[in-house]
Amino acid sequence: MAAKGMVIIDENRCKGCGLCVSVCPVHILKLADGRFNIRGYRPVEVIDPEACTGCAMCATICPDVVFTVYRRKMRREPSTAEPVNAKSHTIRW
Amino acid sequence: MAVEMIADMELVFKYPESLTPRVTHYCPGCTHGVIHRLIAEVIDELGVRERTIGVAPVGCAVLAYDYFNMDFCEAAHGRAPAMATGIKRVSPDKVVFTYQGDGDLAAIGTSEIIHTANRGELITTIFVNNAIYGMTGGQMAPTTLPGQVTTSSPRGRDVETAGWPMKMAELIGMLSGAAYVTRQAVLDVPGIRRTKKAIKLAFQVQLAGLGFSMVEILSTCSTNWGVSPLEALDWAKQNMLPYYPLGDTKVVDEVRALMAKP
Chain A
1 MAAKGMVIID ENRCKGCGLC VSVCPVHILK LADGRFNIRG YRPVEVIDPE ACTGCAMCAT
61 ICPDVVFTVY RRKMRREPST AEPVNAKSHT IRW
Chain B
1001 MAVEMIADME LVFKYPESLT PRVTHYCPGC THGVIHRLIA EVIDELGVRE RTIGVAPVGC
1061 AVLAYDYFNM DFCEAAHGRA PAMATGIKRV SPDKVVFTYQ GDGDLAAIGT SEIIHTANRG
1121 ELITTIFVNN AIYGMTGGQM APTTLPGQVT TSSPRGRDVE TAGWPMKMAE LIGMLSGAAY
1181 VTRQAVLDVP GIRRTKKAIK LAFQVQLAGL GFSMVEILST CSTNWGVSPL EALDWAKQNM
1241 LPYYPLGDTK VVDEVRALMA KP
């Protein structure tokens, strides 16, 4: 099943403060282990993109506007089209 | 590829147009970043970016003009409300706001903010209260809590000699020229959402010409409090919220009518 939501992480804006990790209701965010971004911080990562609900709580508390959030459109009738399997991911410049 | 991937999804959170792409100099987890973003989102939603002029303070937010994608001025320490008054009086069609910290607004600039509010100038003030001087190295501010250890009060703030923390929202709320004064906190997600509503209302008060509006925002300073960003949120909830109760301290009837509108 396609994920309900998707976050795109602008990794090099992240300062690794971990506030997003603390508010994610489905606990799919964590700080990278043994890897650093261009500023020398451990950036946030999505560990289970399938579980993302697109609630945008991470983006709401993030002081550095690291996240862009998408949420699957709600339809009254189920779409006949195959759902596109869009997943949360990181962008690295 | 990107377009194909998001075909079935709607964008629910994006980078606000009113912020420049620059990464802020604030410490990791500093809630200044959240407040900047909320102001930017509100200005985007009101569609007034092209005619907004901000006034930056002295303090951690001294470089705010680099982060907001709009016209900005830098005022002398504490003088942002005086500068904003001048800008608004010369160009009444502009949307003018000041962004000030507690050292700027409640210490050196106390006179300016009180008289600006009392004159009912049509500006909006965003007041960031984190109970300490951030930029200069964690000295005691007028808003520092009783007993709070800072670099200039190593045994904790002694109210016998240093007086009591200033409750600016209550103080400004007493003045006749103020139309809307409130205190909010950006310490959790619901609080951030309420703060955004308050900032939006404050700007709407200015746009409707109802009087002076101010939003005091309880914020954190993990670096100078000596805790992690996450612990700083808890510290503020446990120590600041009891002394600085959240809520509106002044809402005139016209603003109440504005609040009732959908």
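Protein chains in written order, with my numbering: chain A, 1 to 93; chain B, 1001 to 1262. Just so it is clear, CB atoms sit at the ideal spot from N, CA and C, and this is done for glycine as well.
Item to check | Proximity test, Cβ basis, 7 angstroms: D64 (chain A) and chain B | outcome: Counted from its first residue, the first sequence places residue 64 (chain A) at position 64. Chain B contact via Cβ: present.
Checklist entry - Taking the DSSP output, what are the residues bridged to N1129 (chain B)? => result Taking the second sequence and counting its residues from 1, the one referred to as residue 1129 (chain B) is at position 129. Bridge partners of N1129 (chain B): B:L1218.
Item to check | Residues in the segment 1022-1037 of chain B having any Cβ partner in chain A nearer than 9 angstroms | outcome: Those would be V1023, T1024, Y1026, C1027, P1028, G1029, C1030, T1031, H1032, G1033, V1034, I1035, H1036 and R1037, in chain order.
Item to check | For P1245 (chain B), the three-state DSSP class (helix, strand or coil) | outcome: Along the second sequence, read from residue 1 onward, the residue named residue 1245 (chain B) stands at position 245. Correct three-state label for P1245 (chain B): coil.
Next on the checklist: Against chain E, with Cβ distances strictly below 7 angstroms, would L1241 (chain B) count as a contact?
Outcome noted: Protein chains A and B are contained in the structure displayed, whereas chain E is not.
Item to check | Secondary structure of E1010 (chain B), DSSP reduced to three states | outcome: On the second sequence, position 10 is the one that residue 1010 (chain B) refers to. In the structure shown, E1010 (chain B) falls within a strand segment according to DSSP collapsed to helix, strand and coil.
Item to check | K1197 (chain B) at chain A interface by Cβ criterion, 7 angstroms | outcome: Here the question's residue 1197 (chain B) lines up with position 197 in the second sequence. Answer no: the Cβ-Cβ gap between K1197 (chain B) and chain A never drops below 7 angstroms.
Next on the checklist: Contact defined as beta carbons within less than 8 angstroms: I believe I28 (chain A) pairs with V66 (chain A). What is the distance between those atoms, to the nearest angstrom?
Outcome noted: What you label residue 28 (chain A) is simply residue 28 of the first sequence in a count that begins at 1. What you label residue 66 (chain A) is simply residue 66 of the first sequence in a count that begins at 1. No, I28 (chain A) and V66 (chain A) are not in contact; Cβ-Cβ is about 15 angstroms, not under 8 angstroms.
Next on the checklist: For a cutoff of 7 angstroms on Cβ pairs, would you count K4 (chain A) as touching chain B?
Outcome noted: Here residue 4 (chain A) corresponds to residue number 4 of the first sequence, with the count starting at 1. Taking 7 angstroms as the threshold, the shortest C-beta distance from K4 (chain A) to chain B does not fall below it.
Item to check | Reference C1027 (chain B), options B:C1221, B:P1092 and B:F1013, closest by Cα | outcome: What you label residue 1027 (chain B) is simply residue 27 of the second sequence in a count that begins at 1. Taking only the C-alpha atoms, the option nearest C1027 (chain B) is B:C1221.
Item to check | Under the three-state DSSP convention, the category Y1099 (chain B) falls into | outcome: In the second sequence, residue 1099 (chain B) corresponds to position 99, counting from 1. DSSP, read as helix, strand or coil, puts Y1099 (chain B) in strand.
Checklist entry - Can you tell which of B:D1248, B:S1176 and B:Q1139 has the C-alpha that lies nearest to the C-alpha of Q1184 (chain B)? => result Sequence index remark: in the second sequence, residue 1184 (chain B) carries index 184 (1-based). Measuring from the Cα of Q1184 (chain B), the nearest candidate turns out to be B:D1248.
Checklist entry - Checking contacts by CB at 7 angstroms: is V1189 (chain B) closer than that to chain A? => result Taking the second sequence and counting its residues from 1, one reaches residue 1189 (chain B) at position 189. With its beta carbon less than 7 angstroms from one in chain A, V1189 (chain B) belongs to the interface.
Checklist entry - Does the separation of the CB atoms of A3 (chain A) and E50 (chain A) fall below 7 angstroms? => result Reading the first sequence from its first residue, position 3 is the one you call residue 3 (chain A). Reading the first sequence from its first residue, position 50 is the one you call residue 50 (chain A). Yes, they are a contact pair.
Item to check | First and last residue of the uninterrupted beta strand (DSSP E) at K1196 (chain B) | outcome: Here residue 1196 (chain B) refers to the residue found at position 196 of the second sequence. Following the DSSP letters along the chain, one finds K1196 (chain B) in no beta strand (DSSP E) but inside the alpha helix (DSSP H) bounded by residues V1189 to L1207.
Next on the checklist: Within 8 angstroms, do at least three Cβ pairs link the segment 1056-1076 of chain B to the segment 1014-1025 of chain B?
Outcome noted: They touch, by the three-pair rule.
Item to check | DSSP-derived helix/strand/coil call for I1053 (chain B) | outcome: Residue 1053 (chain B) sits at position 53 when you count from the first residue of the second sequence. Here I1053 (chain B) sits in strand by DSSP.
Item to check | Simplified DSSP assignment, three categories, for C20 (chain A) | outcome: If you number the first sequence from 1, residue 20 (chain A) lands on position 20. Assigned with DSSP and collapsed to three states, C20 (chain A) falls in helix.
Item to check | Distance CB(F1212 (chain B))-CB(A1117 (chain B)) smaller than 7 angstroms | outcome: Your numbering for residue 1212 (chain B) matches position 212 in the second sequence. Your numbering for residue 1117 (chain B) matches position 117 in the second sequence. At a Cβ-Cβ threshold of 7 angstroms, F1212 (chain B) and A1117 (chain B) count as neighbours.
Checklist entry - Of all the options B:S1152, B:R1119, B:T1136 and B:G1156, which has the alpha carbon lying nearest to the alpha carbon of I1172 (chain B)? => result Against the second sequence, residue 1172 (chain B) aligns to sequence position 172. With distances taken between Cα atoms, I1172 (chain B) lies closest to B:R1119.
Checklist entry - Does the beta carbon of V46 (chain A) sit closer than 7 angstroms to a beta carbon anywhere in chain B? => result Taking the first sequence and counting its residues from 1, one reaches residue 46 (chain A) at position 46. So no, V46 (chain A) is outside the interface.
Checklist entry - Taking the alpha-carbon positions, what's the E89 (chain A) to V26 (chain A) distance? => result Within the first sequence, residue 89 (chain A) is the residue found at index 89, counting from 1. Within the first sequence, residue 26 (chain A) is the residue found at index 26, counting from 1. The sequence given here places His at residue 89 (chain A); Glu does not occur at that position. So the alpha carbons of these two residues sit roughly 16 angstroms apart.
Checklist entry - What residue does the alpha helix (DSSP H) around K1167 (chain B) start on, and which one ends it? => result Taking the first residue of the second sequence as position 1, residue 1167 (chain B) is located at position 167. Boundaries cannot be given for K1167 (chain B), as no alpha helix (DSSP H) includes it and DSSP labels it neither H nor E.
Item to check | DSSP three-state assignment for I89 (chain A), whether helix, strand or coil | outcome: Sequence index remark: in the first sequence, residue 89 (chain A) carries index 89 (1-based). This sequence places His at residue 89 (chain A); Ile is not what is there. Of the three classes helix, strand and coil, the one that applies to H89 (chain A) here is strand, per DSSP.
Item to check | A1002 (chain B), DSSP secondary structure in three states | outcome: As a working note, residue 1002 (chain B) is residue 2 in the second sequence. Per-residue confidence for A1002 (chain B) stands at a pLDDT of 47, beneath the threshold of 50, marking its modelled position as unreliable; the derived number appears in the next sentence. A1002 (chain B) falls in the helix class under three-state DSSP.
Checklist entry - Hey, out of B:T1223, B:V1251, B:E1254 and B:I1108, whose CA is closest to A1076 (chain B)'s CA? => result Counting from one through the second sequence, the residue named residue 1076 (chain B) turns up at place 76. The candidate whose alpha carbon is nearest that of A1076 (chain B) is B:I1108.
Checklist entry - Taking Cβ-Cβ distances shorter than 8 angstroms, what residues in chain B pair up with I61 (chain A)? => result Looking up residue 61 (chain A) in the first sequence gives position 61. Residues of chain B passing the Cβ test: V1034, D1188, V1189 and I1192.
Next on the checklist: One question on the structure: do M1083 (chain B) and V1062 (chain B) come within less than 7 angstroms of each other, judged by their Cβ atoms?
Outcome noted: Here residue 1083 (chain B) refers to the residue found at position 83 of the second sequence. Here residue 1062 (chain B) refers to the residue found at position 62 of the second sequence. At least 7 angstroms separates the beta-carbon of M1083 (chain B) from that of V1062 (chain B).
Checklist entry - Quick one: complete beta strand (DSSP E) runs, 3+ long, within the segment 1009-1083 of chain B? => result If we require 3 residues or more, the beta strand (DSSP E) runs fully inside the segment 1009-1083 of chain B come out as 1009-1013, 1052-1056 and 1071-1074.
Checklist entry - So, does the CB of M1070 (chain B) fall closer than 7 angstroms to a CB anywhere in chain A? => result Here the question's residue 1070 (chain B) lines up with position 70 in the second sequence. False, the Cβ-Cβ gap to chain A never drops below 7 angstroms.
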